[in-house]
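Residue numbers (our numbering): 332 to 717.
Note that the Cβ used here is the ideal one computed from N, Cα and C, for glycine as well.
First the structure, in the form of structure tokens, and then the observations on it.
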């Protein structure tokens, strides 16, 4: 049964998936139950572009059919285990690895037809490459597939599909297609359950942060540290802007979330969510007001403001404030505000901020959430050594 063309089964994957209602997600059919038990999980409908590769007469994999659609995706992070309980004899459990080896957003699925390229769960609970034998499991058996086991197998598969000598293997490039297949005894229509799984090490990354993007690792770090939260159910909005209050809140948390002494700003009141953060940043000399006794909490944070604030935070921690890139190297470097020139040169020299392809720096431009994530990641990792 395992030798069937599983490409056709892709279209059946819309039929059943683990729904989002319970903390430990379960889905059940007459012949098997599937349970996800994890620290963090969500279940978005996600558009996927999947390219099928099949062997030609020489045994070489060549592009074949493709499908583009919205698939139910079960995403988990942290300590996760997938449980399968069988209610009938003869069920087979397979795992296909959908890779995005080119980081182009198109996932590759290799269908070997008579010689499938997939893993299979054996009767003794091992997950191993299919060996040409149908592994029919027995009613009553319960199998546990830890996420780290799937990730380990997936990493090996991805490494095997990458160009020879390429060592950069990111398991977040993978989507796992877990299939439970069953043919009733004495004949009857074959039944198959499909689950699309995506595994993250520490935190679920929103879908608008592409794997391999220049800010992916920084966003992952920022989410894990609690610097950021998503802007929607499954979005980070990397090109969105940042306010001064938002940065104050991040730096306040980074500094230990101490209660700030009251500072008199006319636009900061006792009920504001950023009250402690704004007061602490002001009293510590990390952020000053914008004039006229105003903090400017809702003002969009500019790139030169970010540079100055991080510079002042670093100086507060006792770091040696050495180095500074000449702003004259940028076409608009001389337009930097006088109060920000030293700090912006320092930030560029330490790779917290960088110029654009056209040679500009845009010091007065609003910093994006992606740019802030990268700046904070490098600031914490390279300078504060957290």
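Backbone secondary structure at residue i - three-state DSSP
i: residue 581; result: helix
i: residue 386; result: strand
i: residue 525; result: strand
i: residue 547; result: helix
i: residue 536; result: coil
i: residue 491; result: helix
i: residue 714; result: helix
i: residue 423; result: strand
i: residue 371; result: strand
i: residue 692; result: coil
i: residue 485; result: helix
i: residue 708; result: helix
i: residue 680; result: helix
i: residue 338; result: Below a pLDDT of 50, predicted positions are generally treated as unreliable, and residue 338, at 49, falls in that range; the measurement from the model is reported next regardless. Coil.
i: residue 697; result: strand
i: residue 462; result: coil
i: residue 508; result: strand
i: residue 416; result: strand
DSSP bridge partner residues for residue i (one or two, in chain order)
i: residue 379; result: 400
i: residue 442; result: 385
i: residue 667; result: According to DSSP, residue 667 bridges with nothing at all.
i: residue 467; result: Paired residues: none, contrary to the question.
Proximity of residue i and residue j at Cβ, strictly below 8 Å
i: residue 657; j: residue 676; result: yes
i: residue 426; j: residue 415; result: no
i: residue 629; j: residue 576; result: yes
i: residue 610; j: residue 621; result: no
i: residue 724; j: residue 597; result: Given a span of 332 to 717 for the chain in the structure shown, any question on residue 724 remains unanswerable.
i: residue 742; j: residue 448; result: In the structure as shown, the chain starts at 332 and stops at 717, and residue 742 therefore has no counterpart that could be examined.
i: residue 592; j: residue 557; result: no
i: residue 590; j: residue 607; result: yes
i: residue 559; j: residue 539; result: no
i: residue 309; j: residue 421; result: Examination of residue 309 is not possible in this model, given that the chain is present from 332 through 717 alone.
i: residue 465; j: residue 458; result: no
i: residue 507; j: residue 481; result: yes
i: residue 642; j: residue 613; result: no
i: residue 631; j: residue 574; result: yes
i: residue 644; j: residue 684; result: no
Cβ contact (3+ pairs, closer than 8 Å) linking the region 398-410 and the region 362-380: yes
The region 527-539 in contact with the region 434-444 per 3-pair CB rule at 8 Å: no
contact_flag[the region 538-554, the region 592-603] where n(CB pairs < 8 Å) is 3 or more: Fewer than three pairs of CB atoms, one per stretch, sit closer than 8 Å, so the region 538-554 makes no contact with the region 592-603.
Validate contact between the region 479-490 and the region 380-387 using beta carbons, cut 8 Å, 3 pairs: no
Contact the region 698-716 vs the region 632-645: 3+ CB pairs below 8 Å: Note that the region 698-716 touches the region 632-645; at least 3 beta-carbon pairs, one per stretch, sit closer than 8 Å.
Inter-stretch contact (C-beta, 8 Å, three-pair minimum) for the region 680-694 and the region 658-668: As far as the Cβ criterion goes, the region 680-694 touches the region 658-668, which means the pair count is three or higher.
Length-filtered (4 minimum) alpha helix (DSSP H) runs lying within the region 579-645: 606-614
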